[in-house]
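These notes concern the structure reproduced below.
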Amino acid sequence: MSLMRSEDYLPRPAVIQKIIAENSQIKTFVLALADQQANQAFTYRPGQFMMVSLPHRGEAPISFSSTPTRPGTIELSVRRAGSLTAAMHALQAGDQVGLRGPYGRPFVMEDLQGRDLLVVAGGIGLAPLRSVINGCLDTPGHGKLTILYGSRVPSDIAFRGDIDIWQHHPAVTCHLTVDAPEPGWDGPVGLVTGLLGQVKVDPASSTALVCGPPVMIAAVLTALGKMGFADEEILTTMERHMKCGIGVCRHCHLDSKLVCVDGPVFSRAQLKKLQMDRL
Amino acid sequence: MRDDAMDQAFILAKDHLKSFLRKVKKGHRLVAPVTNQHNDTLFCTINHLDRVPINLTEQAQNGIKSFLFPQQETLATYAVSADGYRFNRTDVRPEPTVYFGVRPCDLMAVLYMDVVFMGGVKDQHYLEKRQDSVLIGLNCNAPFANCFCSATKSGPFLETGFDLMFTDLGDRFLVEIGRPKGREMLQAWQQFFTPAEAEDTRAQYQLSLEAMAGFRLDVYADQAIQRLAAGLVPESVWEQLSLRCQDCAGCAYICPTCTCFTIVDRPAGPDCGERLRSWDACTFAGFTRLAGGHNPVAHKIHAIQTRFLHKLKYDVDKHGRPSCVGCGRCVGICFGGTDIVRFIKMAGED
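Protein chains in written order, with the numbering used here: chain A, 1 to 279; chain B, 1001 to 1350.
Okay, structure coming up:
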């Protein structure tokens, strides 16, 4: 018997159970595979992604924003960016999408066990890290969590339900910042890197998790290095155009790596080895 | 013919070639190079051996990539109905196929595609076409004008990787057995074959030496590979090449080892359609562009770098050899002169 996986590129139908509007651009789709047995057997890990199909629109990779510690459904948070995601935003509960996956190298939750986590996210970048955060909070023996989340404007702040829980959780410190204020905002204004100096974290016992727009990731990775984080303890997850998800089509190439199979989770140490460090 | 006698080489008289292929065709689709009325020599399916002459003297313009990895193929059909959104496989089982007259470069290219499509996760669409295929090679006695397979160690004569390998000895072919499928084929039609004599293998060796001396291009692939590995190829090389690249992707389509692809949906009606896989090229400007517009490979120079680094650096690191097989086809097709031979030459200069 071969242990090799094979890929036939056939998506499985999944039913939208619920849609949560996170802000004007992001919706979270709560999904279950139409086949109940398949849905019960389905497993994934934080950091992995699914290839999501919509009729006539093709496929796009979307990472899990839910945690496998809460089985039964999966959640994919989608920012409206192109034709597929626009069509997805027009869907209703009860509608179906096609799903292939899970794909990609995950965050290794066992490695994070017992370590303090510093989560730095921007915009939709909080989605894959929400999977890690909630997974940690569901697991006994987790360390302290510090969450820094930057949004363009206060009305763009996504995952407010989670943020509310995190801000009241004894093990979590959660700071928000915005690029530009709106009336009623009395929190910090400025880039998320500005919050890094205000938090108390011990780089020796912490792992940093970073996701957001490419320029933000680059700036945060550098700042974390200066704070004393080891390159192996700075993890990021990358977004790329993908067609196959299994390391063949090469649309997601990053120097010698393919983001779909070598990532999407990379440590700063791994990224530094690449000649072309192009986020 | 006893099994222990099968390690040696055999002789097939040229007069018997057609009879042998006729037998082969009984259980297989036969694909071989044929020159058409436009004077193009292309690998194609041969339906009537008597009507189309197999051309074993020219280099086929296409190789056999498109048979195993078609320029466009249907991965699935889809439909939206009361049943929901369903994908179905198009159940076209590929015919068992014998590829005859495959040159060493194109054979090496198939071995590379095997690694790409079956080395990690197995691509079912490739696997189904590949598993029922038999590769009968033809060593190159005389390299063609743009060939440089000796520089990429993928010819002009191969000793492994084939099911059967033919060498043209004038009035007869020397036939060597590689993989088990070749042995089975030879055993099945052993009436056409006689054991080779020592003089036949001597003649083959002589031809291989003459072939090695017959290359017209000086291509120092190893030097370029070493300089790429050491980071010694200056930015100006990429700049010059990127200025001349016309973004036509001719090099990628003609290349027997270029396997980048895209997947798109083609509607067949309001509620149904096909999901298609088509060849793509990493040099295209939109290859890496994300929805929303961000493009991590936004400049031509980086796209060109990607193409040559993939073939001459990344694959060397990953698989131990470059994924350029020295067939020279891109030299003939590139009107900007940014083919891999030009790159190798520029990369080698101080």
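Backbone N, C-alpha and C fix where the C-beta goes; we use that ideal spot for every residue, glycine too. Remember, it's a predicted structure, so these values are computed and weren't measured experimentally.
Beta-ladder partner(s) of residue i, from DSSP
i	result
Asp-1265(B)	Arg-1275(B)
Asp-1168(B)	Phe-1173(B)
Lys-257(A)	Leu-254(A)
Tyr-1085(B)	Val-1080(B)
Gly-58(A)	Leu-54(A)
Gly-1137(B)	Val-1102(B) and Met-1165(B)
Arg-79(A)	Ile-26(A)
Gln-1072(B)	Ser-1278(B)
Asp-1123(B)	Glu-7(A)
Ile-246(A)	In the DSSP output, where bridge partners are listed per residue, Ile-246(A) has none listed.
Val-178(A)	Ser-151(A) and Val-189(A)
Thr-1041(B)	Thr-1035(B)
Phe-297(A)	Outside the modelled stretch of chain A, which goes from 1 to 279, sits residue 297(A), for which no answer is possible.
Exposure label - residue i; buried when at least 16 CB within 10 Å
i	result
Leu-1209(B)	exposed
Asp-186(A)	exposed
Ala-14(A)	buried
Gln-1071(B)	exposed
Asp-1003(B)	Unreliable positioning characterises Asp-1003(B) in this predicted model, as indicated by a pLDDT of 48, which lies under 50. The coordinate reading is nonetheless provided below. It counts as exposed.
Ser-1081(B)	exposed
Ser-77(A)	buried
Arg-79(A)	buried
Ala-1211(B)	buried
Asp-116(A)	buried
Ser-1236(B)	exposed
Gln-48(A)	buried
Asp-1200(B)	buried
Tyr-1205(B)	exposed
Arg-1266(B)	exposed
Arg-1022(B)	exposed
Phe-1343(B)	buried
Thr-1160(B)	exposed
7 Å CB neighbourhood of residue i in its chain, flanking five on each side removed
i	result
Ser-1154(B)	Pro-1104, Cys-1105, Met-1108, Val-1325 and Gly-1326
Arg-1358(B)	A question about residue 1358(B) goes unanswered here, because the residues of chain B that appear run from 1001 up to 1350.
Ser-267(A)	Asp-231, Glu-232, Ile-234 and Leu-235
Met-1001(B)	Confidence at Met-1001(B) is low in this model, with a pLDDT of 48, below 50, so its placement is unreliable and the value that follows should be read with caution. Correct list, in chain order: Gln-1187 and Gln-1190.
Gln-1301(B)	For clarity, residue 1301(B) is Ile in the given sequence; the question names Gln instead. Hits under 7 Å: Trp-1238, Glu-1239 and Ser-1242.
Gly-190(A)	Thr-177
Ile-1064(B)	Val-1031, Phe-1043, Tyr-1099, Val-1102, Asp-1106 and Val-1110
Pro-106(A)	Arg-45, Pro-46, Gly-47, Gln-48 and Val-265
Other residues of its chain near residue i: CB distance less than 6 Å, five sequence neighbours each side excluded
i	result
Ala-1142(B)	Gly-1214
Ser-1323(B)	Tyr-1112, Thr-1257, Lys-1311 and Asp-1315
Phe-1335(B)	none
Cys-136(A)	His-142
Arg-1179(B)	Asp-1163
Asp-262(A)	none
Ala-38(A)	none
Met-238(A)	Val-259, Gly-263 and Pro-264
Chain-order list of residues whose beta-carbon lies under 8 Å from that of residue i (same chain, five-residue window excluded)
i	result
Ala-1005(B)	Confidence at Ala-1005(B) is low in this model, with a pLDDT of 49, below 50, so its placement is unreliable and no value can be given for it.
Pro-1094(B)	Glu-1128, Lys-1129 and Asp-1132
Ser-2(A)	Unreliable placement is indicated for Ser-2(A), whose pLDDT of 42 sits below 50; no coordinate value is reported for it.
Asn-1062(B)	Leu-1042, Phe-1043 and Ile-1254
Boundaries of the beta strand (DSSP E) in which residue i is found, first to last residue
i	result
Thr-73(A)	Thr-73(A) -> no beta strand (DSSP E), and no H or E assigned at all.
Val-265(A)	265-267
Thr-1201(B)	Careful: Thr-1201(B) lies outside any beta strand (DSSP E), inside the alpha helix (DSSP H) at 1198-1212.
Arg-1029(B)	1029-1035
Ser-66(A)	Where Ser-66(A) is concerned, there is no enclosing beta strand (DSSP E), given that its DSSP letter is neither H nor E.
Pro-1195(B)	1193-1195
Phe-1010(B)	1010-1013
Element boundaries [alpha helix (DSSP H), containing residue i]
i	result
Tyr-1099(B)	Careful: Tyr-1099(B) lies outside any alpha helix (DSSP H), inside the beta strand (DSSP E) at 1097-1102.
Gly-194(A)	193-196
Phe-1067(B)	1065-1068
Thr-85(A)	83-89
Gly-1348(B)	1340-1348
Cys-1437(B)	One cannot answer for residue 1437(B) here, as it falls past the ends of chain B, which runs 1001 to 1350.
Thr-1306(B)	1300-1309
Cys-1330(B)	1329-1333
Gly-1182(B)	1180-1188
Arg-1244(B)	1235-1244
Val-1092(B)	First-last for Val-1092(B): undefined, no H or E at that position.
Ile-1046(B)	No alpha helix (DSSP H) holds Ile-1046(B); DSSP gives it neither H nor E.
**Report entry** In chain order, each beta strand (DSSP E) run of at least 3 residues that lies wholly inside the region 3-36 of chain A
**Finding:** 12-21 and 26-33
Query raised in the report: In chain order, which beta strand (DSSP E) runs of at least 3 residues are fully inside the region 98-129 of chain A?
Result: 116-122
Requested in this report: Note down, one range per segment and in chain order, each beta strand (DSSP E) of at least 3 residues found wholly within the region 126-174 of chain A.
Outcome: Complete beta strand (DSSP E) runs here, min 3: 145-151.
Query raised in the report: What are the complete alpha helix (DSSP H) segments, minimum 4 residues, inside the region 188-237 of chain A?
Result: 193-196 and 214-227
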